[in-house]
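One structure is given here, and the rest of the page talks about it.
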Amino acid sequence: MKKLMLTNQAIAQGAYEAGVKVLSAYPGTPSTEIAENAAKYPELYAEWAPNEKVALEVAFGSCVAGVRSMACMKHVGLNVAADPLFTGAYTGVNAGLVIVVADDPGMHSSQNEQDSRFYARSAHVPMLEPSDSQEAKEFVKLGYELSEKYDTPVLLRTTTRIAHSQSVVSCEDRVELENKAYVKDMRKYAMMPANARPRHVVVENRENALKSDLKTLNGVNKVEILGKELGVVCSGAVYQYVKEVLPNASVFKVGMVYPLDIEAIREFSKNVDELLVVEELEPFFENQLKANGITCHGKDLFSLQGEITAETIKEKLFKTAMPVPASAPVRPPVMCAGCPHRGVFYVLNKLKCIVTGDIGCYTLGASAPLSAVDTVLCMGASIGMAHGFSLANPEYAKKTVAVIGDSTFLHSGITGLINCVYNKDTNTVMILDNSTTGMTGHQEHPATGKTLKGEDTVSVDLVELCKACGVKRVSVVDSYYIGEVERVIKEELNAPEVSVIIARKPCELLKKGAKPVAEIDNCKGCKACMKLGCPALVAGADGKVSIDSTLCVGCMLCAKVCKFNSIKLVK
Amino acid sequence: MNILIVGVGGQGTLLSSRVLGKYASLTGKECKLSEVHGMAQRGGSVVTHVRMADKVYAPIITMGEVDVLIAFEELEALRWKHYLKEDGHLVVNSQKIFPMPVIMGLEKYPEDVEEQCKSVKNCHFVNAVKLAEEVGSAKATNIVMLGAVCALCNMDKEIFAQSVTACVPAKFLELNQKAFSAGYDSVK
């Protein structure tokens, strides 16, 4: 059966067809929909783990125990999971293991644009990269074959343009596999120096075996000999742009990104006058080719930054002038109307706090006019950085607030909090608990009481968790009551020990049904409400503010900051 | 055929692209769609690419090669209109949503959006929100727009209607069918 499928959905379909029984993941754009789609197959167990490291450890456990397993994450998630990845490359697998990593060149929804291909190279793990949904599904299945044949985890890399594009996929039946027997083998699975040293030898031998088998892996890399003047080496989305812009060029389409079939590319280069490597981000192929004495162009023409598109190739190769866009004010993402985070950042900005921020919807607290966030580094960093501020200058502890979401706190904030308590900090941590993983599209997490499969489960109690970490001052406030939020923040900043404030209110987008709307009567034009940065509040040419009734959800935050009581709720 | 759907995060552009994907498969064409998820969905400028042809490579459309630009918001029409082909269609929902820099008074929402858009040869404004409200709910604005696109671009009305039926939830089917017809009739 043929179906139009998002590549992330096709990866889930590939896992299903390959007989995968366990999938573990943490949400992260552009990888989230893999686990969400996998959860729809009754034969496939899929779960949200609290972070990518745990997800990969789970997948390692189940593959060693004998079932095909998958872990999925975004590029920065692989940093978190790098620890099990590197040593898992030594232990190898029992049943197959595929790790999906989704890169985000252009940073559509990420804090950096690192190139995950280097993980494959430094961990000595094979990596496949598909160019559309169908190939993604095929590469998942190939990944399991390679994983079991070479006794290694296999990485499958996508980028945003592949992960979030749809194309036609032919669906096939699932292969039901018998669980492989688990046999205790400490020399293979218990990595300590005496066991790990011989395993490192195995890693090298395995990689050499795979390299010499590359030419037998039909169809992983594809060679299309067309014109003689130009030969292009490319992979992933770039392959599609190259076919579009350079229909007459010969192409070496890399499907196995690592190990790179350098000898095949050397052969390919002999058919063409000039060899060009077109790759997004780092010169990963180019440097390997040059190190092996193959002359080529690449980053002398193309940038290390951002995406490469058909336009980029046209501009660089043909100096084609692209149409000029009309001038238009930018439209940056904003917190939704009714977002419970808004009031908290309004208060933090008003109090002129130093705010160490974190990754999630509340990163938008850094945008004007709230402009409340000082730093955003990585998942969980808010709390560690706040401690660093206190250490650098004890005065900072009296005005620094670490702000972190509920899902992010469970991901990697807890250890930072324990560190603050253990090392006698006096700073203040705010957990913005909107009862979901918001930015990635409302996924469950360990404190929501639901699993990825939609089943009821235990819900982690954040108050008790913080207390168990040794925090004596834990308070809970309603995010909409900004007067109370302000009072509590002031009090806790002055407290001589670590405090946690949990600002709680479910994400506005989770509420269904008709919502009330606010209305402004007799606006004096003081614009106090405009400091909230609510998209439903619009200042007219006369300086008076009105409310866009199609966007307003009646949270009444604006009424709380209005000095003239001009804002009322209407039904 | 290359169709670019642009709007503001939360306006329902994803459903429209799914309907067009269905239309492509029902007409026997190869189709690729490219969507935006994550941070940009939070009220930012969003764009979805839909390509259908006998053979499609790139999931996104090259600048200057768009046949139909469906803009759910006027400023977004302005932002993306340079993607259109010389004789491409620009179909705009008559709705203004102010971006944060305008709300804050740092920038002005251009007063001549309509004029600038009309410099495109085939430009059509559709009062889609009003038409959707008339048939029952502003939520069907996206389907009104598709009805208008179907008529303006001489696409197969019957297959298009089938595609809508296949993509919308059963309980909103009647609303969306009415919305599709309202959009179609508004430009015929």
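Residue numbers (the working numbering), protein chains in the order written: chain A, 35 to 605; chain B, 1460 to 1647. Think of the CB as a built atom: it goes at the ideal place given N, C-alpha and C, for glycine as much as any other residue. On a predicted model such as this, the values are computed, not experimentally measured, just so you know.
If you draw a 10 Å sphere on the C-beta of N146 (chain A), you find fewer than 16 other C-beta atoms in it, and that means exposed. Within the same chain, Cβ atoms closer than 6 Å to the Cβ of K432 (chain A) are found at L527, the five residues on either side in sequence being excluded.
With fewer than 16 other CB atoms across the displayed protein chains lying within 10 angstroms of its CB, M220 (chain A) is exposed.
If you draw a straight line from the Cα of K524 (chain A) to the Cα of G559 (chain A), it comes to about 29 Å. Considering only A:S303, A:V291, A:A44, the residue with the shortest C-alpha distance to S284 (chain A) is A:S303.
Within the stretch 236-314 of chain A, the runs of alpha helix (DSSP H) that reach at least 4 residues and sit entirely inside it are, in chain order, 270-279, 296-303. The alpha-carbon of L571 (chain A) is positioned some 29 Å away from that of K1577 (chain B). In the structure shown, L404 (chain A) adopts coil according to DSSP, grouped into three states. Note on the stretch 347-396 of chain A: whole beta strand (DSSP E) runs with a minimum of 3 residues are 388-390, in chain order.
In the DSSP assignment, Y79 (chain A) is bridged to A:V56. Per DSSP, the unbroken alpha helix (DSSP H) holding N1635 (chain B) starts and ends at 1632-1646.
Taken through DSSP and simplified to helix, strand or coil, G122 (chain A) comes out as helix. In this structure, T192 (chain A) sits near A170 (chain A), with a CB-CB distance shorter than 8 Å.
For L466 (chain A), the three-state secondary structure derived from DSSP is strand.
Here the alpha carbons of E81 (chain A) and L486 (chain A) stand approximately 5 Å from one another.
Per DSSP, the beta-bridge partners of K37 (chain A) are A:V203.
Only T343, A344, E345, K348, M356, P357, V358, P359, A360, S361, A362, P363, V364, R365, P366, P367, V368, M369 from the stretch 343-369 of chain A bring a Cβ to less than 9 Å from some Cβ of chain B. The straight-line gap separating the alpha-carbon atoms of N128 (chain A) and G95 (chain A) is approximately 10 Å. For a cut-off of 8 Å, the C-beta gap from L189 (chain A) to M161 (chain A) is around 4 Å, short enough to register as a contact. Between V1478 (chain B) and the set B:G1468, B:K1491, B:K1555, the nearest pair of CA atoms involves B:K1491. D334 (chain A) sits in coil when the DSSP states are folded into three classes, being neither helix nor strand.
With a cut-off of 8 Å on Cβ pairs, the stretch 386-397 of chain A is in contact with the stretch 440-449 of chain A, counting three or more such pairs. Beta-bridge pairing by DSSP links D137 (chain A) to A:T193. Counting only Cβ-Cβ distances below 7 Å, G567 (chain A) has contacts in chain B at M1559, in chain order.
Spanning the alpha carbons of N427 (chain A) and N461 (chain A) requires a straight line of approximately 12 Å. Look at G1466 (chain B) here: in three-state DSSP terms it is strand. Under the Cβ criterion of 8 Å, H476 (chain A) is not counted among the residues facing chain B. Taking the Cα of V1550 (chain B) as reference, the smallest distance to any Cα among B:L1534, B:P1569, B:L1528, B:D1571 is reached at B:L1528. Excluding the 5 residues flanking it on each side, S441 (chain A) has same chain C-beta neighbours closer than 6 Å at T471, H479, in chain order. Three or more pairs of CB atoms, one per stretch, sit closer than 8 Å, so the stretch 1515-1525 of chain B contacts the stretch 1533-1548 of chain B. Within its own chain, the residues whose Cβ lies closer than 7 Å to the Cβ of M104 (chain A), once the five positions on either side in sequence are excluded, are A49, V54, L57, A93, V132, V134, listed in chain order. When DSSP reads this structure, T1507 (chain B) sits in a beta bridge with B:I1464.
Burial state of H1508 (chain B) is buried, judged by a 10 Å Cβ sphere holding 16 or more other Cβ atoms.
For the stretch 1518-1532 of chain B, the set of residues with a beta-carbon nearer than 7 Å to any beta-carbon of chain A comprises P1518, I1519, T1521, M1522, G1523, in chain order.
Where A1607 (chain B) is concerned, the enclosing alpha helix (DSSP H) starts and stops at 1600-1611.
The continuous beta strand (DSSP E) containing N1581 (chain B) extends over residues 1581-1585.
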